[in-house]
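Residue numbers (our numbering): 1310 to 1441.
Backbone N, C-alpha and C fix where the C-beta goes; we use that ideal spot for every residue, glycine too.
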Amino acid sequence: MAGSLEEFFERYPADERAQAYLQNSSEEVVQRVLADFKPPREGESDYSGLLTAFVKRVRSRGAVLVDNAFGHELDDFFKRYPVDDGAKEFLLSKPLEVQRTVAQEFKPPREGEEDYSALLMSFAKRCHALGG
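Here is the structure:
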């Protein structure tokens, strides 16, 4: 497993805190993260926030697999509506039902903007408050 984690952190650099959070997880959680962590973009210099949010979600769900179809849906969502890392982390830290609702119902007033972070976070907060 050490080799797998080493390769993972070469591909997805993260700070010591995020690395320790994953390494101190159960074997099942580590394997699930190694298999299913698919950030919206490859080649970033730091995945700490996204990784920590993903590990937290896997831990809280008892390592329930997030289906790949929804992962692709989220990828497409973030391509259509670009947001900063903080907004991504915020959405990914919410329950899966909230993420699905946001991905399916988020309709900003204008398409083609450079950054939807504030609108997305506001919408996600409302969805979470309403229970999904």
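Quiz item: Where does Glu-1319 sit, in a helix, a strand or coil, going by DSSP?
Solution: Taking the sequence shown and counting its residues from 1, one reaches residue 1319 at position 10. Residue state, collapsed to three classes: helix.
Quiz prompt | Span of the alpha helix (DSSP H), counted from its first residue to its last, around Phe-1399 | solution = The residue given as residue 1399 occupies position 90 in the sequence shown. Taken as a continuous stretch (DSSP letters only), the alpha helix (DSSP H) holding Phe-1399 covers 1394-1401.
Quiz item: When we look at the beta-carbon of Leu-1439 and count the other beta-carbons within 10 Å, is it buried (16 or more) or exposed?
Solution: Locating residue 1439 in the sequence shown gives position 130, counting from the first residue. That one is exposed.
Practice problem: Take Arg-1366 as the anchor and find which of Pro-1404, Pro-1349, Arg-1435 has the nearest alpha-carbon. | Solution: If you number the sequence shown from 1, residue 1366 lands on position 57. Comparing Cα positions, the closest option is Pro-1404.
Quiz item: Where do the ends of the alpha helix (DSSP H) carrying Phe-1432 lie?
Solution: Along the sequence shown, one-based indexing puts residue 1432 at 123. Segment 1426-1438, the alpha helix (DSSP H) holding Phe-1432.
Self-check item: Arg-1389 versus Gly-1421 - alpha carbon distance
Solution: Sequence index remark: in the sequence shown, residue 1389 carries index 80 (1-based). Sequence index remark: in the sequence shown, residue 1421 carries index 112 (1-based). Going from the Cα of Arg-1389 to the Cα of Gly-1421 covers about 8 Å.
Quiz item: Quick one, which of Glu-1336, Pro-1348, Tyr-1356 has its alpha-carbon nearest Glu-1325's?
Solution: Residue mapping note: residue 1325 aligns to position 16 of the sequence shown, counting from 1. Taking only the C-alpha atoms, the option nearest Glu-1325 is Tyr-1356.
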